[in-house]
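In this note's numbering, the protein residues as written are 4 to 112. The beta carbon of each residue, even a glycine, is placed where N, CA and C say it ideally should be. What you are looking at is a predicted structure, and each value in this text was computed from that prediction instead of being measured. Scroll down for the structure; my scribbles are underneath it.
Structure representation (C-alpha coordinates):
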(Lines of atoms letter the chains of each structure in order from A and count residues from 1; the text may use other names and numbers.)
(Lines give C-alpha, C1' and ligand atoms only; values in the text may rest on other atoms or scores of the structure.)
Protein backbone atom coordinates (compact mmCIF):
# COMPACT_ATOMS: atom_id res chain seq x y z
CA UNK A 1 0.00 0.00 0.00
CA UNK A 2 1.41 3.34 -1.06
CA UNK A 3 0.48 6.36 1.04
CA UNK A 4 0.75 9.80 -0.50
CA UNK A 5 1.15 12.63 1.98
CA UNK A 6 -0.11 16.14 1.43
CA UNK A 7 2.41 18.19 -0.55
CA UNK A 8 2.45 20.86 2.18
CA UNK A 9 3.47 18.45 4.95
CA UNK A 10 7.27 18.53 5.39
CA UNK A 11 8.54 15.01 4.66
CA UNK A 12 11.20 15.05 7.36
CA UNK A 13 8.62 16.00 10.00
CA UNK A 14 6.18 13.39 8.69
CA UNK A 15 8.87 10.71 8.77
CA UNK A 16 9.76 11.62 12.36
CA UNK A 17 6.12 11.47 13.45
CA UNK A 18 5.45 8.22 11.60
CA UNK A 19 8.54 6.60 13.14
CA UNK A 20 7.98 7.99 16.62
CA UNK A 21 4.34 6.87 16.75
CA UNK A 22 4.86 3.64 14.79
CA UNK A 23 2.12 4.48 12.31
CA UNK A 24 1.02 1.94 9.72
CA UNK A 25 -0.22 2.70 6.19
CA UNK A 26 -3.91 3.01 7.03
CA UNK A 27 -3.22 5.18 10.07
CA UNK A 28 -1.01 7.48 8.00
CA UNK A 29 -3.69 7.73 5.33
CA UNK A 30 -6.46 8.56 7.83
CA UNK A 31 -4.32 11.11 9.69
CA UNK A 32 -3.38 12.75 6.38
CA UNK A 33 -7.02 12.91 5.22
CA UNK A 34 -8.15 14.35 8.54
CA UNK A 35 -5.41 16.99 8.42
CA UNK A 36 -6.43 17.96 4.88
CA UNK A 37 -10.09 18.16 5.93
CA UNK A 38 -9.20 20.49 8.82
CA UNK A 39 -7.36 22.89 6.52
CA UNK A 40 -10.11 22.79 3.88
CA UNK A 41 -12.73 23.52 6.58
CA UNK A 42 -10.66 26.46 7.82
CA UNK A 43 -10.53 27.85 4.28
CA UNK A 44 -14.27 27.46 3.67
CA UNK A 45 -15.15 29.08 7.01
CA UNK A 46 -13.26 32.27 6.28
CA UNK A 47 -15.45 35.21 5.33
CA UNK A 48 -15.42 35.57 1.54
CA UNK A 49 -13.68 38.95 1.80
CA UNK A 50 -10.74 37.33 3.61
CA UNK A 51 -10.71 33.98 1.79
CA UNK A 52 -8.04 33.43 -0.87
CA UNK A 53 -9.66 32.60 -4.21
CA UNK A 54 -8.37 29.01 -4.27
CA UNK A 55 -7.75 26.38 -1.65
CA UNK A 56 -4.16 25.95 -2.88
CA UNK A 57 -3.41 29.61 -2.25
CA UNK A 58 -4.76 29.25 1.28
CA UNK A 59 -2.89 25.98 1.90
CA UNK A 60 0.36 27.49 0.62
CA UNK A 61 0.02 30.20 3.29
CA UNK A 62 -0.19 27.71 6.17
CA UNK A 63 3.27 27.47 7.79
CA UNK A 64 5.04 24.12 7.40
CA UNK A 65 5.29 23.65 11.16
CA UNK A 66 1.48 23.97 11.42
CA UNK A 67 1.06 21.17 8.88
CA UNK A 68 3.40 18.99 10.93
CA UNK A 69 1.57 19.87 14.16
CA UNK A 70 -1.80 19.00 12.60
CA UNK A 71 -0.43 15.71 11.28
CA UNK A 72 0.88 14.80 14.76
CA UNK A 73 -2.45 15.65 16.41
CA UNK A 74 -4.42 13.74 13.80
CA UNK A 75 -2.11 10.74 14.10
CA UNK A 76 -2.41 10.71 17.89
CA UNK A 77 -6.17 10.87 17.51
CA UNK A 78 -6.11 7.96 15.05
CA UNK A 79 -4.22 5.95 17.64
CA UNK A 80 -6.86 6.70 20.27
CA UNK A 81 -4.43 8.90 22.21
CA UNK A 82 -6.81 11.85 22.42
CA UNK A 83 -5.51 13.18 25.73
CA UNK A 84 -2.02 13.45 24.21
CA UNK A 85 -3.47 15.11 21.10
CA UNK A 86 -5.25 17.65 23.32
CA UNK A 87 -2.01 18.26 25.25
CA UNK A 88 -0.16 18.98 22.00
CA UNK A 89 -2.88 21.43 20.94
CA UNK A 90 -2.83 23.15 24.33
CA UNK A 91 0.97 23.45 24.29
CA UNK A 92 0.87 24.92 20.77
CA UNK A 93 -1.76 27.46 21.82
CA UNK A 94 0.28 28.51 24.83
CA UNK A 95 3.41 28.81 22.71
CA UNK A 96 1.60 30.96 20.16
CA UNK A 97 0.14 33.19 22.88
CA UNK A 98 3.46 33.60 24.73
CA UNK A 99 4.64 37.23 24.85
CA UNK A 100 8.17 36.22 23.85
CA UNK A 101 7.04 34.32 20.76
CA UNK A 102 9.43 35.08 17.90
CA UNK A 103 6.70 34.94 15.25
CA UNK A 104 4.70 37.59 17.04
CA UNK A 105 7.75 39.82 17.50
CA UNK A 106 8.77 39.58 13.86
CA UNK A 107 5.23 40.30 12.71
CA UNK A 108 5.12 43.49 14.75
CA UNK A 109 8.59 44.65 13.65
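DSSP, read as helix, strand or coil, puts residue 97 in helix.
The Cβ atoms of residue 9 and residue 39 sit closer than 8 Å to each other. Between residue 100 and residue 80, the alpha-carbon positions lie close to 24 Å from each other. Between the alpha carbons of residue 48 and residue 54 lies a distance of about 8 Å.
Between the alpha carbons of residue 76 and residue 37 lies a distance of about 10 Å. In chain order, 76, 79 and 80 place their CB closer than 7 Å to the CB of residue 88, counting only its own chain and leaving out the 5 sequence neighbours on each side.
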